[in-house]
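Protein chains in written order, with our numbering: chain A, 83 to 408; chain B, 83 to 408.
As structure tokens, the structure follows; a few thoughts come after it.
Okay, here's the thing in structure tokens:
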């Protein structure tokens, strides 16, 4: 259970009504923002405190890990320079009826502010540059106490039971359906291209044939029966150009559970062939799905082309804030 | 490596040109046909001898297990009473230029004919009632010898290397895409229904919510993290009515590899909760995907509704000829 502070000034209404956090992946100038990177470290059950207009206005329980999703339509022109694709976390929010202004409690809070990435300035104003940041436990407990006994108890519970945790992300499915429909109605494509692109989304057809020329077994489980292998994109189908969607070097053959873990960023591979596990991944579950979780797994060499697509995967899909990734 | 004889009189041209075997699942009167049931036992790499018009005309190497697929369009009116959905096996065929008529070799072949499900009558005529039947090894070797040294050598090899084995069945993907398109253009459905039906195909949305009210973990691997579980249909989405596609009792929560094995008929469950492995499943691969392959696994109780949908799965999806299933 971790604690997060989110500055939602511009988009508070939309995010609370829609039940999510959303951030771009990069600043509009193309550089990384640690407060967007933190999105990658949220886990279902984490507690989120919402700050807007100088007040703590809601608390929320994360219902998913971060996943790629388009900028919500309801943002309208707000943030129109952002990348169209960012990180989304599903959240169940509860608005707080009482007025809680941290600026009025700075004697209590000031000693608890972290040295780095603090959500509040020492004078009690919110830090403008922050979207999402982690709260150290003592600060989180102090803020929770201000919000009332329910939130105080919630913050101190071992884990938050949320019966409707659902991290399969219909937003992602609907977005991919939208992309597929666009391909199907694209008159500039031949029937053959259209079919190859649609099949590639499911790891089939021409894309799979090309991957099979380079790969022969699941690099993680060792399964080599073609009937149990999927051609998985390193740069996801949804993010890729048509050419990249069909490029054999953009693929690995993986069993379905490994394909899922890779697609959703719970695992990735270093250029030297080492398997990396995300810090938000639940290791016992990974173990039950056939991932070796004790010690380093060397999955073998990658070609230069594969390494290029894997770099995208580590950068834009893997669930670990890049500042911490080694 | 197993040997199969197929009587393709009516559909020889289409099946050889298209590279497949196809049979209905049931006779037109709704009863089982052992020669259709045999389709469920074919494995990639098996050798198939094609018989049509009193001649052995081609041999083929199976490239897939059996999978559900619609009756090929190119059959036209042939077999128009058949179920629209049958079993399909992908096959790479090689036509035989020499004329080989088994009837001319009955002195050699007659003692090798099996007592049951024999492809030839003792007088050398083909048995009209047969579609697919298994050849005992001595008979298969004798027939292969008649077809020439290449086939003779092939039949005696330990396993047949077929670089393009591809058992992910684009036919199935395209068929599901077709069904989805029909749903999306069905003006009798509301937008909400349409979205629920499309999401259900990926184990998401309303269907998943309903399954989650009944199931909490993968019955095979024990994984209980919702982010790693799919809502899998017992009666497949592609075979189901709209109501059945959204019925919670038609679903199990399974990790992606188990979902795949279940969807493709490599595993199923008995009404008493015992896990069954298909005889055509490759046990070491199943083990690597987290399936316990030694001894019986009891996966717990099923409701009456779940048992009804599981019966469909054992009957129409599981890859084991029903005569042999206990």
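In this text, a Cβ means the ideal position worked out from N, Cα and C, and glycines have one as well.
Remember, predicted model here, so these are calculated numbers, not experimental data.
For residue 260 of chain A, not one C-beta of chain B is nearer than 9 Å to its own C-beta. Not a single CB atom of chain A sits nearer than 9 Å to the CB of residue 358 of chain B.
Shown here, residue 315 of chain B sits in a strand according to DSSP, grouped into three states. With respect to residue 148 of chain B, residue 114 of chain B sits apart: the two C-beta atoms are not nearer than 9 Å.
When 7 Å is used as the limit between beta carbons, residue 147 of chain A is near these residues of chain B: 309, in chain order. Following the DSSP letters along the chain, one finds residue 225 of chain B inside the alpha helix (DSSP H) bounded by residues 219-229. Between residue 172 of chain B and residue 118 of chain B, the beta carbon gap of about 17 Å keeps them out of contact (Cβ cut-off 8 Å). Note that the C-beta distance between residue 330 of chain B and residue 292 of chain B is below 9 Å.
Against chain A, the CB of residue 277 of chain B has a partner CB under 9 Å away; the residue lies at that interface. At a cut-off of 9 Å between C-beta atoms, residue 316 of chain B does not count as an interface residue with respect to chain A. Taking each of B:300, B:263, B:310, B:270 in turn and checking the Cα distance to residue 283 of chain B, the smallest one comes out for B:263.
Interface flag for residue 382 of chain A against chain B is unset, since no Cβ pair is found closer than 9 Å. Residues of chain B with a Cβ closer than 7 Å to the Cβ of residue 395 of chain A do not exist, since the nearest Cβ in that chain sits about 18 Å away. Within the same chain, Cβ atoms closer than 6 Å to the Cβ of residue 105 of chain A are found at 118, 121, 168, 169, 213, the five residues on either side in sequence being excluded. Taking all protein chains shown into account, residue 155 of chain A has fewer than 16 neighbouring C-beta atoms within 10 Å of its C-beta and is therefore exposed. For the pair residue 196 of chain A and residue 131 of chain A, the Cα-to-Cα distance works out to about 16 Å. Non-local beta-carbon contacts of residue 258 of chain B in its own chain, meaning distances under 7 Å to residues more than five positions away in sequence, involve 283, 320 in chain order. Interface with chain B (9 Å Cβ-Cβ cutoff): residue 340 of chain A is included. For the pair residue 183 of chain B and residue 206 of chain B, the CB atoms are nearer than the 9 Å cut-off.
By the neighbour-count criterion, in which 16 or more other beta carbons inside 10 Å mark a residue as buried, residue 345 of chain B falls on the buried side. Residue state for residue 215 of chain A is assigned as strand, using DSSP reduced to three classes. In this structure, DSSP gives residue 105 of chain B an extended state, which the three-state scheme calls strand. In this structure, the CA atom of residue 254 of chain A is about 32 Å from the CA atom of residue 208 of chain A.
The beta carbon of residue 343 of chain A falls within 9 Å of a beta carbon belonging to chain B, placing the residue at that interface. Taking a cut-off of 8 Å on C-beta distances, the stretch 375-395 of chain B does not touch the stretch 311-328 of chain A, as fewer than three cross pairs fall below it. Relative to residue 374 of chain A, the option among A:341, A:303, A:361, A:324 whose CA is nearest is A:303. The residue from A:360, A:186, A:266 with its alpha-carbon nearest to that of residue 225 of chain A is A:186. With a cut-off of 8 Å on Cβ pairs, the stretch 88-97 of chain A is in contact with the stretch 133-145 of chain A, counting three or more such pairs. Between residue 337 of chain A and residue 360 of chain B, the gap from beta carbon to beta carbon reaches 9 Å or more. Judged by DSSP secondary structure, residue 150 of chain A falls within the beta strand (DSSP E) whose first and last residues are 149-152. Looking at the backbone, the Cα of residue 395 of chain B and that of residue 354 of chain A are separated by about 44 Å. For residue 364 of chain B, the secondary structure class from DSSP, reduced to helix, strand or coil, is coil. Residue 339 of chain A sits in a helix when the DSSP states are folded into three classes. No Cβ-Cβ contact shorter than 9 Å links residue 281 of chain A with residue 87 of chain A. By the Cβ neighbour-count rule, residue 273 of chain B is exposed, with fewer than 16 other Cβ atoms within 10 Å of its own. Under the DSSP definition of a beta bridge, residue 168 of chain B partners with B:106, B:151.
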